[in-house]
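**Student:** Handing you this structure, nothing more for now.
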Amino acid sequence: MVDILRGRHTAEPPEGTVTLLIGTRINTLWKVHRWLPFFTSMVRMLKELLTDKERHGFLGYHVWFGRTTLVVQYWRSMDDLLAYSRAQPMEHVPTWRLFNRTSEGELGVFHEAYTVTRRGHHVIYRDMPAAFGLGGATSMVPARSHPGTSPAEWSDKDRADAEHWGEVRASAS
Ligand code: HEM
Numbered sequence: 008m009v010d011i012l013r014g015r016h017t018a019e020p021p022e023g024t025v026t027l028l029i030g031t032r033i034n035t036l037w038k039v040h041r042w043l044p045f046f047t048s049m050v051r052m053l054k055e056l057l058t059d060k061e062r063h064g065f066l067g068y069h070v071w072f073g074r075t076t077l078v079v080q081y082w083r084s085m086d087d088l089l090a091y092s093r094a095q096p097m098e099h100v101p102t103w104r105l106f107n108r109t110s111e112g113e114l115g116v117f118h119e120a121y122t123v124t125r126r127g128h129h130v131i132y133r134d135m136p137a138a139f140g141l142g143g144a145t146s147m148v149p150a151r152s153h154p155g156t157s158p159a160e161w162s163d164k165d166r167a168d169a170e171h172w173g174e175v176r177a178s179a180s
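Dropping the structure here:
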């Protein structure tokens, strides 16, 4: 059973942390022998990254399977990500080459990488597992849209906001 972190939390990632959305789409379902090898290479890459996270600057991942499979990965920096993708002894380079040489569109691949900047992200987790997302991969802290940790410490405006959004019930008095 997963431990749920109750309440509102946010991530405090170091600036420069990278979120990578990466995945595949099976375009021709019946040509299993053509897309399966690339599909399984993702599993091998994740294993290889997990064996030495610190060296690669790999912070973690989540995966959702379907006809389109999405892997969300977190990296220490864009330099670390690009270094891994071009590292000769690792799994990615030969996969990339083989794909370029042999693929005839049976499997689509996508990579979208975004660097976290100080003011360029907004993250909220509410009653989610503690090890989830960017917060789980870096640092998970209570969200501070209302200064103070208990409603008793809120200003009138904080309380009015919280009531407006249904985070607390309006007081009877
Ligand atoms: C841990 C998993 C993976 C990571 C971190 C990763 C990362 C990257 C990065 C950073 C690039 C850009 C490299 C550059 O432009 O210099 C790239 C390109 C590429 N990757 Fe991956 N990749 C992963 C898995 C895969 C898989 C499973 C495939 C399977 C086919 C794949 C196929 C490709 C291809 C074909 C390109 C070149 C795309 C283009 O520019 O046309 N990658 N990858």
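Numbering (this note's numbering), first residue to last: 8 to 180. A virtual CB, placed ideally from N, CA and C, is assigned to each residue, including glycine. Computed from a predicted structure; not experimentally measured.
Excluding the five sequence neighbours on either side, which residues of its own chain have a C-beta within less than 7 Å of the C-beta of G64, listed in chain order?
**Tutor:** Here residue 64 is taken as the residue at index 57 of the sequence shown, counted from 1. Only W82, R83, S84 and D87 meet the Cβ criterion.
**Student:** Pick from H129, W42 and D163: whose alpha carbon is nearest that of T75?
**Tutor:** As a working note, residue 75 is residue 68 in the sequence shown. Closest by alpha carbon: W42.
**Student:** Helix, strand or coil: how does DSSP classify P21 here?
**Tutor:** By one-based count along the sequence shown, residue 21 stands at place 14. Correct three-state label for P21: coil.
**Student:** Quick one: Cα of Y68 to Cα of L27, how far?
**Tutor:** Counted from its first residue, the sequence shown places residue 68 at position 61. Counted from its first residue, the sequence shown places residue 27 at position 20. Approximately 9 Å between the Cα atoms of the pair.
**Student:** Grab me the residues of H16's own chain with a C-beta within less than 7 Å of its C-beta, minus the 5 sequence neighbours each way, in chain order.
**Tutor:** As a position in the sequence shown, residue 16 is number 9, starting the count at 1. So the list reads Y132, G142, M147, V148, P149 and A150, once near-sequence residues are dropped.
**Student:** Since G142 is in the beta strand (DSSP E), which residue starts that stretch and which ends it?
**Tutor:** As a working mapping, residue 142 is identified with position 135 in the sequence shown. Taken as a continuous stretch (DSSP letters only), G142 belongs to no beta strand (DSSP E), being part of the alpha helix (DSSP H) at G140 to A144.
**Student:** Please classify Q95 as buried or exposed, where buried requires at least 16 other C-beta atoms within 10 Å of its C-beta.
**Tutor:** In the sequence shown, counting from the first residue as 1, residue 95 sits at position 88. With fewer than 16 other Cβ atoms within 10 Å, it is exposed.
**Student:** Would you mind sorting L56 into buried or exposed? The rule is 16 or more other CB atoms within 10 Å of its CB.
**Tutor:** Reading the sequence shown from its first residue, position 49 is the one you call residue 56. Buried, since its Cβ has 16 or more Cβ neighbours within 10 Å.
**Student:** So, at 7 Å on beta carbons, what are the nonlocal neighbours of H99 in its own chain, with the 5 sequence-adjacent residues on each side left out?
**Tutor:** Reading the sequence shown from its first residue, position 92 is the one you call residue 99. Taken in chain order, the residues that qualify are M52, Y91 and S92.
**Student:** The ligand HEM heavy atoms versus the CB of N107: any closer than 7 Å?
**Tutor:** Counting from one through the sequence shown, the residue named residue 107 turns up at place 100. Yes, Cβ of N107 sits closer than 7 Å to a heavy atom of the ligand HEM.
**Student:** Please report the residue range of the beta strand (DSSP E) in which L88 lies.
**Tutor:** Residue numbering aside, residue 88 sits at position 81 when the sequence shown is read from its first letter. Looking at the DSSP string, L88 is not in any beta strand (DSSP E); the run it does join, the alpha helix (DSSP H), is M85 to R93.
**Student:** DSSP on W161, reduced to helix/strand/coil?
**Tutor:** As a first step, residue 161 is located in the sequence shown; it is residue number 154 there, counting from the start. It is coil, neither helix nor strand.
**Student:** Taking W42 as part of the alpha helix (DSSP H), name the residues at either end of that continuous run.
**Tutor:** On the sequence shown, position 35 is the one that residue 42 refers to. W42 -> alpha helix (DSSP H) spans V39 to T58.
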